[in-house]
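Colleague: Can you read through this structure? Questions will come right after.
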Ligand code: SF4
């Protein structure tokens with residue numbers, strides 16, 4: 008049996024995988040304990056990659072649909088057919104009828120990422136959608152405005168912070184998404200052991216809220232007002248109107 012060390016491509020947490028194989032068969036996938044970043048952490052999706060790999064429904068060869076039937080064809084034939092149909096649609100409706108969508112597994116694949124720009128330029132469409140479109144563009148805009156680079160993403164320094172305020176996020180499940188924080192639960196426990204505190208503001212008692220020292224359950228839809236209030240208070244009213252996070256920190 009041989010082991011291969013890879014990175015899970017499913018989300019930004021980028022957990023290190025140890026993939027054990029016997030010939031071409033994947034025998035086991037587990038977290039790579041020597042991975043400095045994830046330290047052996049894997050969520051169920053990482054473990055399930057072996058099932059994905061062997062799923063008989065997985066499409067392993069290019070296919071085209073013709074006369075109501077799906078046919079396996081060569082890559083050259085598939086590209087030629089896609090090009091022919093795309094060209095016909097663009098000729099009829101204009102370039103913007105095409106939309107690109109980039110999902111996580113594309114963004115985490117070097118080959119696909121490199122080809123993406125070429126494809127997007129060739130498609131000459133202004134319609135580009137990504138996983139970022141639905142969950143992180145405000146963060147990227149803030150990074151662009153603050154640091155001049157939309158990918159210069161500031162993340163919480165949980166290993167060195169004393170008090171962590173989380174507004175409407177659930178890193179215990181998401182592993183932080185852009186934050187990329189595998190082993191979030193263990194990191195919260197370590198912060199608490201140092202005397203730190205976790206405060207979660209969320210209408211729902213999320214998995215992260217259940218770990219918190221204090222869960223502030225605001226009304227659904229109240230987050231914009233809450234964020235604005237926190238911002239104004241911290242800038243203009245100082246000690247008199249410190250948010251709960253500071254009170255919690257002082258209590259500890
Ligand atoms: S958190 Fe799960 S899905 Fe994300 S990289 Fe790690 S194992 Fe993969």
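In this note's numbering, the protein residues as written are 8 to 259. Glycine is no exception: its CB is placed at the ideal position from the N, C-alpha and C atoms.
Say yes only if the C-beta of residue 3 is nearer than 7 Å to one or more non-hydrogen atoms of the ligand SF4, and no if none qualify.
Modeller: Residue 3 lies beyond the stretch modelled for the chain, which goes from 8 to 259, so this question has no answer here.
Colleague: For residue 53, which residues in the same chain have their Cβ closer than 6 Å to its Cβ, ignoring the five residues on either side in sequence?
Modeller: 15, 22
Colleague: I need the DSSP call for residue 76, collapsed to helix, strand or coil.
Modeller: Of the three classes helix, strand and coil, the one that applies to residue 76 here is strand, per DSSP.
Colleague: Comparing C-alpha positions only, which one of 100, 98, 121, 232 sits nearest to residue 109?
Modeller: 121
Colleague: Looking at the secondary structure, which residues open and close the beta strand (DSSP E) in which residue 221 lies?
Modeller: Segment 221-223, the beta strand (DSSP E) holding residue 221.
Colleague: For residue 47, collect the residues of the same chain with a Cβ closer than 6 Å to its Cβ; drop the 5 residues on either side in sequence, then sort them by chain order.
Modeller: 38, 40
Colleague: For residue 53, verify whether its CB is less than 7 Å away from any heavy atom of the ligand SF4.
Modeller: yes
Colleague: I'd like to know whether the C-beta atoms of residue 57 and residue 33 end up nearer to each other than 8 Å.
Modeller: yes
Colleague: Could you tell me if residue 153 is buried or exposed, where buried requires 16 or more neighbouring beta carbons within 10 angstroms of its beta carbon?
Modeller: exposed
Colleague: For residue 87, does the three-state DSSP call read helix, strand or coil?
Modeller: helix
Colleague: Spatial neighbours of residue 165 within its chain, please: C-beta separation below 7 Å, excluding the five flanking residues on both sides.
Modeller: 171, 188, 194, 198
Colleague: Quick check: residue 185 and residue 19, are their CB atoms within less than 8 Å of each other?
Modeller: If you check the CB distance, residue 185 and residue 19 come in under 8 Å.
Colleague: Looking only at its own chain, which residues have a Cβ that is under 6 Å from the Cβ of residue 2, when we skip the five neighbours before and after it?
Modeller: No answer is possible for residue 2: the residues shown for the chain start at 8 and end at 259.
Colleague: In the DSSP output, what is residue 137 paired with across the bridge?
Modeller: 109
Colleague: Our contact map puts residue 156 next to residue 149 with C-beta atoms below 8 Å; I'd like the distance itself, whole angstroms only.
Modeller: Not a contact, Cβ separation roughly 11 Å.
Colleague: Would you say the beta carbon of residue 128 is closer than 7 Å to some non-hydrogen atom of the ligand NAD?
Modeller: Ligands displayed in this structure: the ligand SF4; the ligand NAD is not among them.
Colleague: Alpha carbon to alpha carbon, how far is residue 214 from residue 137?
Modeller: 26 Å
Colleague: To the nearest whole angstrom, what separates the beta carbons of residue 207 and residue 173, a pair I think is in contact under 8 Å?
Modeller: 5 Å
Colleague: Hey, residue 182 and residue 50 are a contact pair by Cβ (cut 8 Å); roughly how many whole angstroms apart?
Modeller: In this structure residue 182 is in contact with residue 50, their Cβ atoms being roughly 7 Å apart against a cut-off of 8 Å.
Colleague: Does residue 218 come out as helix, strand or coil in the three-state DSSP assignment?
Modeller: helix
Colleague: Just curious, the alpha helix (DSSP H) that residue 239 is in, first and last residue?
Modeller: First-last of the alpha helix (DSSP H) with residue 239: 230-239.
Colleague: Using a Cβ-Cβ cut-off of 6 Å (strictly less than) and excluding sequence neighbours within five positions of residue 75, which residues of its own chain qualify?
Modeller: none
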